[in-house]
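Residue numbering for the sequence shown follows UniProt numbering, starting at 1 and increasing by one per position. Note that beta-carbon positions come from the ideal geometry of N, C-alpha and C, so glycine has one too.
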Amino acid sequence: MFIETEDTPNPATLKFLPGREIMASGATADFISPDSVAGRSRLAELLFDLDGVARVFFGNDFVAVTRADATEWEALRPQVLAVLADYLATEQPVVESDAQVIEDLIAPGDEEIVQQIKELLDTRVRPAVAGDGGDIVFRGYRDGVVRLTMQGACSGCPSSRATLKHGVENMLRHYVPEVVSVEQVEA
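See the structure below:
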């Protein structure tokens, strides 16, 4: 199996492209530590078993792996490629159960605004962010403030806060006048 790799804007994260679907369209899974796997993904467990893997993120057609600061990609990349090739050849599911659902914080009466926000995120933001090996997940809207979580390569990326405040916030404020600001929240 040939697996391409791509750099991401986050120098600690590489994007691995196996040429097949990893997660169903629109679904993602973000594992921020070995403890966050909790039996939900054998592939994530195998990746965390590698010395130097700090985070694992599954997108529609890619796996983003973030290395620990003291680890170099020259040593880790071939190990990640081997684990991915071996596991994906088994055709076993990548995630055993869906990623945990976090209930959105939405003020009563804001359903129409929230629908507009989610549509803009799904059509204009998430595809671009997925191209960089990450995802942006809607977490809530109240009193003009949109709450979003950055995942994958976007989490911890030096430019993610600027992207969120200048790119996403400006776009949402332009198309949805009720939006005042955007806040990043942790999952």
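Check, Outcome
"Give a yes or no on whether 8 Å exceeds the smallest Cβ distance from G131 to chain B.", "Absence of chain B from the displayed structure is noted, only one protein chain being present."
"Under 8 Å by Cβ, that's how I've got A153 and A29 pegged, so tell me the actual separation to the nearest angstrom.", "In fact, because the Cβ distance is near 14 Å, the residues do not count as touching under 8 Å."
"Could you give the uninterrupted runs of the beta strand (DSSP E) lying entirely in the segment 122–146, keeping only those of 3 residues or more?", "134–142"
"From which residue to which residue does the beta strand (DSSP E) around Q184 run?", "181–184"
"Among residues of its own chain, excluding the 5 on either side of D35, which ones have a beta-carbon nearer than 7 Å to its beta-carbon?", "none"
"Determine the direct distance from the alpha carbon of T90 to that of G109, and round the result to whole angstroms.", "48 Å"
"Thinking just about the alpha-carbon of each residue, which of E4, N10, E183 is nearest to the one in S159?", "N10"
"Classify Q151 as helix, strand or coil using the three-state DSSP reduction.", "strand"
"Taking 7 Å as the limit between beta carbons, can you name the residues of its chain near K165, skipping five residues before and five after?", "V182"
"Just reading off the alpha helix (DSSP H) that F48 is part of, what are its end residues?", "42–48"
"From the DSSP secondary-structure annotation, give me the bridge partner or partners of T71.", "In the DSSP output, where bridge partners are listed per residue, T71 has none listed."
"Check for me: the alpha helix (DSSP H) holding V114 runs from which residue to which?", "111–120"
"Could you round the C-beta distance between E178 and I136 to whole angstroms and report it? I think they count as a contact, below 8 Å.", "With 8 Å as the limit, E178 and I136 do not qualify as a contact, their Cβ atoms being about 19 Å apart."
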